[in-house]
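There are 2 protein chains.
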Amino acid sequence: MLEYWSGSAADPRVDPSADPPPGGPLADPPAASHADPHPDPHPDPRVDLHVEVDTVDGRRVGLERALRAAIRDGRLVPGAPLPSTRGLAGRLGFARGTVTAAYDQLVAEGYLTARPGAVTRVADVPRPAPTTPASASPAAATVPRFDLRPGLPDGSAFPAAAWLRSTRRVLSGAPAAIHGVGDPQGRIELRTALADHLGRTRGVLTTPDRIVITSGFYQSVGLLAAVLGDAGVHAVGMEDPGHDVYRDVVRRAGRTVVPLPVDTDGARFERLADRGVGAVVVTPAHQYPTGVPLLPRRRHELCGWARETGGLIVEDDYDGEFRYDRQPVGALQGMAPEHVAYCGSVSKTLGPGLRLAWLALPRRLVEPVVTAKLRADFHTHTLGQLVLADLIVRHDYDRHVRAARLSYRRRREHLVGRFAAERALGAYGFQGVPAGLHVLVTLPADGPTEPDLLATCAERGIALRGTRELWHGTPRRQGLLVGFAAPAEHAWPATLDALAAVLREG
Amino acid sequence: MLEYWSGSAADPRVDPSADPPPGGPLADPPAASHADPHPDPHPDPRVDLHVEVDTVDGRRVGLERALRAAIRDGRLVPGAPLPSTRGLAGRLGFARGTVTAAYDQLVAEGYLTARPGAVTRVADVPRPAPTTPASASPAAATVPRFDLRPGLPDGSAFPAAAWLRSTRRVLSGAPAAIHGVGDPQGRIELRTALADHLGRTRGVLTTPDRIVITSGFYQSVGLLAAVLGDAGVHAVGMEDPGHDVYRDVVRRAGRTVVPLPVDTDGARFERLADRGVGAVVVTPAHQYPTGVPLLPRRRHELCGWARETGGLIVEDDYDGEFRYDRQPVGALQGMAPEHVAYCGSVSKTLGPGLRLAWLALPRRLVEPVVTAKLRADFHTHTLGQLVLADLIVRHDYDRHVRAARLSYRRRREHLVGRFAAERALGAYGFQGVPAGLHVLVTLPADGPTEPDLLATCAERGIALRGTRELWHGTPRRQGLLVGFAAPAEHAWPATLDALAAVLREG
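Residue numbers (this note's numbering), protein chains in the order written: chain E, 95 to 600; chain B, 95 to 600.
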């Protein structure tokens with residue numbers, strides 16, 4: 095129901111000729127047609143004013159809103175006198191007390207000023223700048239037509255039914271305290287489930303009290319970088335090429351990044367000794383982006399360095415669940431649990447949107463990392479932690495990972511087979527072992543360049559990454575990172591066709 | 095199914111007299127009874143060794159796990175030779191290829207070393223330090239017997255059915271992309287729902303593109319403090335007394351805190367001008383902890399300061415939904431949208447465990463805050479955002495807040511009535527307007543001290559807060575912050591009795 099008050103601000107009179115504004119009961123007040131873009135500070139008190147009162151939430155509330163809107167959009171300017179409560183009540187057919195209460199409310203909020211015995215006036219409230227149309231935020235999520243972004247799982251395969259079942263179980267079975275302030279280290283249910291799960295599937299040797307739950311690997315790296323800084327570590331070794339985003343996290347935390355070149359055996363560590371490096375971030379299962387595993391000799395070399403120097407190894411096990419030609423190589427952490435901070439997440443299994451990740455830490459790091467987590471955001475959302483714990487202990491999580499592994503394995507074979515079968519694609523190569531959610535496609539020396547290919551892909555709505563930004567300095571090789579997991583199963587053939595067409599045409 | 099391999103590491107022989115270890119098929123390997131706490135680096139190769147192979151996940155996997163466990167717990171020490179693959183296969187009744195594959199796996203992981211033609215040996219893997227029993231983390235959530243913690247809503251009233259319904263709707267209706275990388279500013283669905291909801295319920299004047307979703311007010315303050323630092327703001331005005339936790343956030347971000355004394359009209363701002371303060375954090379609806387609202391004159395004074403100096407007002411609307419004697423006073427933000435960063439969250443309505451909060455920002459702050467959010471943790475968990483948006487647009491959120499307001503209002507009346515009715519409690523006073531989730535109980539001059547009362551409460555399992563830590567320097571008054579919202583409805587009478595007993599006894 096709408097009621098209208100029309101007349102001058104100083105002497106309101108009902109104007110029976112005024113048309114009701116367009117729109118239904120919940121339409122916005124017709125501000126634009128009445129607002130004066132350059133309000134005179136001393137307006138003619140008899141200027142016609144039109145205030146719409148939506149009484150759906152009650153008359154007083156509606157009148158307050160209407161007056162606030164009129165003040166904000168300039169129909170009622172600072173200093174303007176308001177009609178008497180008696181006069182306005184009469185015009186609107188409201189009880190006088192309703193109008194008085196609305197004025198009192200707006201005085202309390204600061205929109206109006208009142209002195210005993212004097213007329214109520216609009217306070218000195220500045221008009222906000224006109225709002226411009228909503229613009230997309232810098233990194234707004236958009237869905238590409240052909241999604242080959244590396245590192246993203248197939249969101250259409252999200253185990254929604256299992257997630258919902260577990261949510262119901264958690265909400266019906268958990269105590270009310272789960273809605274209170276949580277443990278900055280993470281829920282004990284999830285830490286217990288993970289200690290078992292990580293031991294079983296990744297050979298991680300840990301206990302629930304050495305696990306910390308975080309809101310993503312991104313946050314994990316940030317917490318570790320902060321703690322390392324407090325511990326006096328200035329330089330961090332990071333793979334070259336490696337993930338540029340995490341390099342930026344380490345740099346922003348004030349640490350210096352020392353590049354560790356990657357060859358076919360994984361990262362090389364000979365530069366650690368003479369550089370005063372206190373920590374190393376590695377991807378031992380499937381180096382990002384080259385796809386090579388860290389070979390045993392290098393694993394021993396790195397663990398030896400950590401033991402001799404007290405340095406910390408940060409193991410980014412970002413896609414360790416996905417190996418297609420053999421059993422996954424166990425985590426490096428199992429060999430040196432007191433020297434390795436193991437980092438995992440659900441981002442490659444369930445999806446990054448959940449913001450759920452974990453650290454299995456050397457004992458000495460637990461307390462400082464928990465403190466850093468507490469200072470960052472108190473704790474990770476409780477309900478999500480409990481649902482994930484339920485998924486793990488009921489093996490729904492395992493089942494989902496196994497199904498995803500089969501699907502991605504087929505897609506990778508499909509992709510590699512296509513390149514092998516099609517002569518025009520023969521000049522492109524694949525690097526790395528059959529694992530993970532992406533392949534690194536190497537480019538022929540006399541073929542198209544990485545920027546050319548990326549530009550053509552962008553034109554055609556194909557989302558993927560190049561490798562140029564992954565090098566610490568000058569890119570030493572060009573390539574494409576092709577994520578084969580992101581598309582829905584039904585979209586995969588067309589997505590592969592689209593990529594093949596770009597590469598074929600060069 | 096369990097299979098046992100028993101014998102010396104160098105020359106394995108089945109020992110038929112060996113007892114199977116205790117425990118079912120999934121029992122831990124009997125490490126403790128076999129591990130030598132001080133392993134000899136050159137052990138007698140004929141030392142009896144007992145390896146348990148759990149074949150539930152396959153023979154090879156089981157053997158790998160058994161060997162890893164034996165290496166880790168010291169039954170197989172560095173340098174120890176392993177039995178030949180043929181010999182071990184014969185003892186276990188496995189195919190030789192199974193044992194070879196297991197050895198290969200452990201070589202790849204670094205547990206074993208192999209050279210062509212030579213015996214396979216245990217690599218130089220250090221034993222992890224013995225794990226001590228899990229200890230509670232520093233701030234682990236514990237449920238007090240009588241929960242009077244200020245600022246906590248009643249978790250037993252969490253709208254679980256509505257949350258579950260909305261979760262189902264979101265999971266069944268949303269595109270697969272919701273599981274991908276999200277928008278650091280927050281989901282547009284939630285920002286749109288909040289722009290409307292905050293305008294309607296709190297008089298906030300904003301648009302979806304000026305809202306940023308965060309993981310709690312704690313994170314909101316941290317992001318703002320970082321952005322203010324980048325903008326060259328060195329000093330931040332904060333209420334005295336005020337929330338110590340948020341003061342610490344601002345200080346850790348490197349800002350100086352300038353105390354703003356609080357009187358019966360709210361915070362006082364005369365010290366802003368001469369201190370070079372660039373931002374002010376206030377609780378205008380219900381000052382924390384004193385409970386007084388910021389009166390209109392002070393609101394105008396503060397907005398005037400912001401407009402003149404370009405300073406930022408951070409409005410912590412922590413419990414603005416809860417006013418019991420009148421319609422809530424609208425947010426300060428509505429008066430000066432380009433000078434106020436409005437902060438809200440679900441922590442006082444649904445609970446802090448969800449880690450969902452929002453900022454309604456002046457336009458100039460949107461981009462820097464979104465960048466800071468991106469750098470902190472990429473974005474807030476997507477599913478939670480979408481469920482909350484659904485709750486809001488379907489008015490389940492409003493319904494829940496209304497029901498909570500009724501319940502808390504009754505409790506507050508009950509509490510105040512009890513103090514008024516009981517002569518022995520007459521010396522205690524209440525400060526602040528009827529609002530929020532706590533009352534500030536003032537202490538009689540000749541009565542028990544705050545520390546005495548807190549000690550007695552702690553002894554009896556009553557959780558509440560004192561006010562001493564809320565003062566910036568020397569506490570100028572003593573008091574108790576009694577949260578009346580946290581207990582379940584059925585527990586409230588006994589909780590109030592418990593508090594009254596402590597105060598009565600003094």
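Every residue, glycine too, gets a C-beta built ideally from N, C-alpha and C.
- Neighbour list for SER309(E) in chain B, Cβ cutoff strictly below 7 Å: SER309, ASP471
- Task: Look at the alpha carbon of PRO431(E) and the alpha carbon of LEU459(E), and state the distance between them as a whole number of angstroms.
- Result: 12 Å
- Can you give me, in chain order, the residues of the segment 250 to 267 of chain E that have a beta carbon less than 9 Å from any beta carbon in chain B? SER250, ALA251, PHE252, ALA254, ALA255, TRP257, LEU258, THR261, ARG262, LEU265, SER266
- Does SER102(E) get closer than 7 Å to chain B when you measure Cβ to Cβ? Unreliable placement is indicated for SER102(E), whose pLDDT of 35 sits below 50; the coordinate value is still reported in the next sentence. With 7 Å as the cut-off, SER102(E) does not count as an interface residue toward chain B.
- Roughly how many angstroms lie between the CA atoms of ARG392(E) and ARG562(E), to the nearest whole one? 25 Å
- Contact check, LEU354(B) vs ALA361(B), beta carbons under 7 Å: yes
- Query: Mind checking ASP303(E): buried by the 16 CB within 10 Å criterion, or exposed?
  - Reply: buried
- Query: chain B beta carbons: is any one of them nearer than 7 Å to that of ARG449(E)?
  - Reply: yes
- Query: Nearest to ARG281(B) by CA position, among TRP452(B), VAL150(B), PRO528(B), is which residue?
  - Reply: TRP452(B)
- Task: Spatial neighbours of PHE472(B) within its chain, please: CB distance less than 8 Å, with the 5 preceding and 5 following residues excluded, ordered by chain position.
- Result: VAL275, GLY276, PRO278
- Would you please verify whether the beta carbon of LEU640(B) is less than 7 Å from any beta carbon of chain E? In the structure as shown, chain B starts at 95 and stops at 600, and residue 640(B) therefore has no counterpart that could be examined.
- Message: Let's see if you can read the secondary structure: which residues bound the alpha helix (DSSP H) around HIS291(B)?
- Response: 282 to 296
- C-alpha distance - VAL237(E) paired with LYS467(B), whole-angstrom precision: 22 Å
- Message: Just to confirm before moving on: does the CB-CB distance between GLY336(B) and ARG449(B) stay below 7 Å?
- Response: no
- Straight-line gap, ALA594(E) to GLU409(E) (C-alpha atoms, nearest Å): 34 Å
- Query: Hey, how far is the Cα of VAL596(B) from the Cα of ALA515(B)?
  - Reply: 16 Å
- Can you find a C-beta in chain E that's less than 7 Å from the C-beta of TYR312(B)? yes
- List the residues that DSSP assigns as beta-bridge partners of VAL600(B). It is Gly, not Val, that sits at residue 600(B) in the sequence shown. None, per the DSSP bridge assignment.
- Message: Check this for me: beta carbons of ASP330(B) and ALA373(B), under 7 Å apart or not?
- Response: Going by the sequence as given, residue 330(B) is Val instead of Asp. Against a cut-off of 7 Å, the Cβ pair of ALA373(B) and VAL330(B) comes out as a contact.
- Pair within 7 Å by beta-carbon distance, PHE578(E) and ARG505(E): yes
- Put GLY445(B) into one of helix, strand or coil per three-state DSSP. coil
- Query: What residue ranges within the segment 500 to 534 of chain E form continuous alpha helix (DSSP H) runs of no fewer than 4 residues, ordered along the chain?
  - Reply: none
- Of all the options ALA539(B), GLU599(B), LEU547(B), THR476(B), which has the alpha carbon lying nearest to the alpha carbon of ARG517(B)? GLU599(B)
- Provide the residue span of the beta strand (DSSP E) that contains PRO545(B), from first to last. Looking at the DSSP string, PRO545(B) is not in any beta strand (DSSP E); the run it does join, the alpha helix (DSSP H), is 544 to 553.
- Item | Endpoints, beta strand (DSSP E) assigned at GLY331(E) | 329 to 334
- Any 3 or more C-beta pairs closer than 8 Å across the segment 575 to 592 of chain B and the segment 518 to 535 of chain B: yes
- Query: Looking at LEU574(E) and LEU590(E), is the spacing between their C-beta atoms short of 7 Å?
  - Reply: no
- Query: Would the beta-carbon of GLY398(E) fall within 7 Å of that of LEU299(E)?
  - Reply: no
- Query: Counting Cβ pairs, one atom from each stretch, are 3 or more of them under 8 Å apart for the segment 210 to 219 of chain B and the segment 543 to 550 of chain B?
  - Reply: no
- Pick helix, strand or coil for GLU203(B), following the three-state DSSP scheme. helix
- Query: Can a CB atom of chain B be found closer than 7 Å to the CB of ILE305(E)?
  - Reply: no
- Provide the residue span of the alpha helix (DSSP H) that contains PRO462(B), from first to last. 457 to 471
- Query: Does any residue of chain B bring its CB to less than 7 Å from the CB of THR214(E)?
  - Reply: no
- Query: Which chain B residues are close to HIS337(E), counting only those with a beta carbon under 8 Å from its beta carbon?
  - Reply: Per Cβ cutoff of 8 Å: no residues; HIS337(E) is ~13 Å from chain B at best.
- Item | Own chain, CB closer than 7 Å to ASP338(B), minus 5 neighbours either side, in chain order | GLU563, LEU564
- Task: Could you work out which residues of chain E lie near GLN381(B), taking near to mean beta carbons separated by less than 9 Å?
- Result: In chain order: nothing, as chain E lies at least about 14 Å away.
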